[in-house]
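Take the numbering used here: the final residue in the sequence shown is number 321, and no numbers are missing along the way. Glycine residues also receive a C-beta, built at the ideal position from the N, C-alpha and C atoms.
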Amino acid sequence: MARKSNLKHVADADLKLLRVFKAVAESGGLAAAETELNIGKSTISKYLADLELRLDLKLCHRGPAGFSLTDDGSKVLKSAEGLLLSVSGFRAEVNEIKQQLAGTLRIALFDQCASNPEAFVAGAIRAFNKAAPAVEIDLSLEPPNVIETNVIGGKTDVGILALHRPSPSLNYAPLYGEDMFLYCGKGHPFMDCDHAALRLEDVRAANYAGIRVNSPNLHVGQTLGFRRAAKVQNEQALAILVMSGSYLGFLPDHLADKFVRDGMMRKVLPEQIYYRSQFAAVTRKRPAMNRITRLFLDQLTAAHSGRQPGVSGQAGAAGVR
Numbered sequence: 001m002a003r004k005s006n007l008k009h010v011a012d013a014d015l016k017l018l019r020v021f022k023a024v025a026e027s028g029g030l031a032a033a034e035t036e037l038n039i040g041k042s043t044i045s046k047y048l049a050d051l052e053l054r055l056d057l058k059l060c061h062r063g064p065a066g067f068s069l070t071d072d073g074s075k076v077l078k079s080a081e082g083l084l085l086s087v088s089g090f091r092a093e094v095n096e097i098k099q100q101l102a103g104t105l106r107i108a109l110f111d112q113c114a115s116n117p118e119a120f121v122a123g124a125i126r127a128f129n130k131a132a133p134a135v136e137i138d139l140s141l142e143p144p145n146v147i148e149t150n151v152i153g154g155k156t157d158v159g160i161l162a163l164h165r166p167s168p169s170l171n172y173a174p175l176y177g178e179d180m181f182l183y184c185g186k187g188h189p190f191m192d193c194d195h196a197a198l199r200l201e202d203v204r205a206a207n208y209a210g211i212r213v214n215s216p217n218l219h220v221g222q223t224l225g226f227r228r229a230a231k232v233q234n235e236q237a238l239a240i241l242v243m244s245g246s247y248l249g250f251l252p253d254h255l256a257d258k259f260v261r262d263g264m265m266r267k268v269l270p271e272q273i274y275y276r277s278q279f280a281a282v283t284r285k286r287p288a289m290n291r292i293t294r295l296f297l298d299q300l301t302a303a304h305s306g307r308q309p310g311v312s313g314q315a316g317a318a319g320v321r
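Here's what the structure looks like:
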């Protein structure tokens, strides 16, 4: 017999329960969600029970064995994400009509721009906060393919990633660049060898670690004929593999500099093997961006205006001479 749902209409209380459920699912459990929600574990448990009663569905398993979603819970979570995203979009549109700068600005980054002297993202956020103090910032680090998908789908307002095979669904605003060199770590055969005697063939024969997703890193590694023996999602993970002494990998010089100074990394044939990545802010072409997104994009491009060399639509060519 089909179950009867108690959900004849969606009220504000239901949205609150769904937000709690989403936070618990994303945190991986009730205890982990306490800080995010700023409420106690017992209250969170009651909210989940109320939502299950409201929907007449078992959404998750919780107890000494740990937390996990049921099949129904996974489906409800997906639907809840879409509903809450629509509500957020509606709120932004209403604020747009009322000319109020309030709501949430969702930004996603790929690179390690905090240590890049060419990047002024933090300054742009500071200027934006002064202009729109009521707007909440939601900042995340994501792989480039996830950023593109989320911007196109409206889950992310502004993404910052390396230019590579631009999508026709996105607008690109040039920002800054970074220089990428090949590194080895302490314990690697190349760390203490005479690089004057090192040949490109030797480098091609070594184990290489690269970014797994479609990116300048992937393209350059393939172009140079490197033998990829490990793959990662981001540069922090790549740095760990390089420091293991088992792999070569391309890293931005600003990220690797400290490890080089500490004797934990070394550039491999830097006069021959390198490339330059160019970064841009991406926004979706349709629908048109709201005032909040436009304001931040203006602050972002202004912060980088005149502080970098010209930017093309592709990564710099691999420098093998």
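Bridge-paired residues (DSSP) for residue i
i, result
"Met-180", "Pro-252, Tyr-275"
"Leu-241", "None; Leu-241 has no bridge partner."
"Thr-283", "Asn-171"
"Ser-68", "His-61"
"Met-265", "Gly-185"
Element boundaries [alpha helix (DSSP H), containing residue i]
i, result
"Arg-221", "According to the sequence provided, residue 221 is Gly. The question's Arg does not apply to it. First-last of the alpha helix (DSSP H) with Gly-221: 216-223."
"Tyr-47", "41-55"
"Arg-294", "291-304"
"Ala-32", "30-37"
"Arg-199", "No alpha helix (DSSP H) holds Arg-199; DSSP gives it neither H nor E."
"Asp-12", "12-27"
Straight-line gap, residue i to residue j (C-alpha atoms, nearest Å)
i, j, result
"Met-191", "Glu-93", "56 Å"
"Ala-173", "Lys-130", "22 Å"
"Ser-74", "Val-20", "14 Å"
"Leu-163", "Gly-40", "44 Å"
"Leu-139", "Ile-107", "5 Å"
"Pro-270", "Asn-171", "34 Å"
"His-254", "Glu-52", "49 Å"
"His-61", "Gln-272", "56 Å"
"Gln-278", "Gly-177", "4 Å"
"Ala-23", "Ala-33", "6 Å"
"Asn-214", "Arg-54", "43 Å"
"Val-311", "Gly-82", "Bear in mind that the predicted position of Val-311 carries a pLDDT of just 31, short of 50, making it too unreliable to give a figure here."
"Gly-66", "Ala-25", "12 Å"
"Gln-112", "Leu-69", "33 Å"
"Ala-119", "Asp-179", "12 Å"
"Ser-86", "Arg-291", "17 Å"
"Val-151", "Asp-14", "27 Å"
"Phe-90", "Ser-79", "17 Å"
"Cys-193", "Ala-237", "25 Å"
"Lys-267", "Tyr-274", "10 Å"
"Arg-286", "Pro-168", "11 Å"
"Ala-303", "Gln-233", "28 Å"
"Gly-63", "Leu-48", "13 Å"
"Glu-201", "Ala-281", "37 Å"
"His-195", "Ala-134", "55 Å"
"Arg-321", "Leu-198", "Below a pLDDT of 50, predicted positions are generally treated as unreliable, and Arg-321, at 41, falls in that range; the measurement from the model is reported next regardless. Those two C-alpha atoms are separated by around 14 Å."
"Gly-28", "Leu-141", "19 Å"
"Pro-309", "Leu-175", "Confidence in Pro-309 is poor, its pLDDT being 34 and thus under 50, which makes the residue's placement unreliable; the coordinate value appears in the next sentence. Distance between the alpha carbons of Pro-309 and Leu-175: 10 Å."
Limits of the beta strand (DSSP E) - the one that residue i falls within
i, result
"Lys-231", "227-232"
"Ala-162", "158-162"
"Ala-209", "207-211"
Contact test: residue i Cβ vs the ligand HEM heavy atom, cutoff 8 Å
i, result
"Gln-236", "The ligand HEM is absent from the structure shown, which contains no ligand whatsoever."
### Query
Can you list, in chain order, the stretches of the alpha helix (DSSP H) that have 4 or more residues and sit fully within the region 78-154?
121-131, 144-153
### Task
For the region 280-299 and the region 152-163, state whether three or more C-beta atom pairs, one from each stretch, are separated by less than 8 Å.
yes
### Query
Using 8 Å as the threshold, is the region 254-261 in touch with the region 131-150, meaning 3 or more CB pairs across them?
no
### Three or more C-beta pairs below 8 Å linking the region 261-268 and the region 118-135
no
### Query
Quick check: the region 219-231 against the region 196-209, are there 3 or more CB pairs under 8 Å?
yes
### Message
With three or more beta-carbon pairs closer than 8 Å as the criterion, would you say the region 176-192 touches the region 231-251?
### Response
yes
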